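What follows is a single structure, written as structure tokens, with notes after it.
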Amino acid sequence: MTDVTSSQPPVPRGRHAPPLEVRLEVQKQRLFDAAALVFSGVGYADASAEAISREAGMSKATFYEHFANK
């Protein structure tokens, strides 16, 4: 699978970081993009929250902050 994080520039951290609302939207979009890749690779039934979060370069905890399940 293709790494979603490699196509997007790194998000600045600390005092240069964008507002929380922007960061949350960026995270959610990365998760959607990663889910599309995982679903197309293994199918919805075999996809997992762990695989999606790994593809997005995030933790499962971050995944569950945005979604209750896959």
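At position 50 of the sequence shown the residue is numbered 45 (the numbering used here), and the sequence of numbers has no breaks. From the three backbone atoms N, C-alpha and C, an ideal C-beta is built for every residue, glycine too. Note that the structure is predicted; figures quoted are calculated from it, not measured.
Assuming residue i and residue j are in contact, meaning their beta carbons sit under 8 Å apart, how far apart are those beta carbons, in whole angstroms?
| i | j | result |
| --- | --- | --- |
| Ile47 | Ala63 | Ile47 to Ala63, Cβ: 13 Å. No contact. |
| Glu50 | Leu32 | 6 Å |
| Ser35 | Lys65 | Actually they are not in contact, since the Cβ atoms of Ser35 and Lys65 sit about 14 Å apart, beyond 8 Å. |
| Gln24 | Met53 | Contact doesn't hold; Cβ gap of about 12 Å is too wide. |
| Phe58 | Leu26 | 6 Å |
Hey, quick one: how far does the alpha helix (DSSP H) through residue i stretch, first residue to last?
| i | result |
| --- | --- |
| Gly111 | Lying before the first or after the last residue shown, residue 111 is absent from the chain, which here runs from -4 to 65. |
| His61 | Lys55 to His61 |
| Ala46 | Ala44 to Ala51 |
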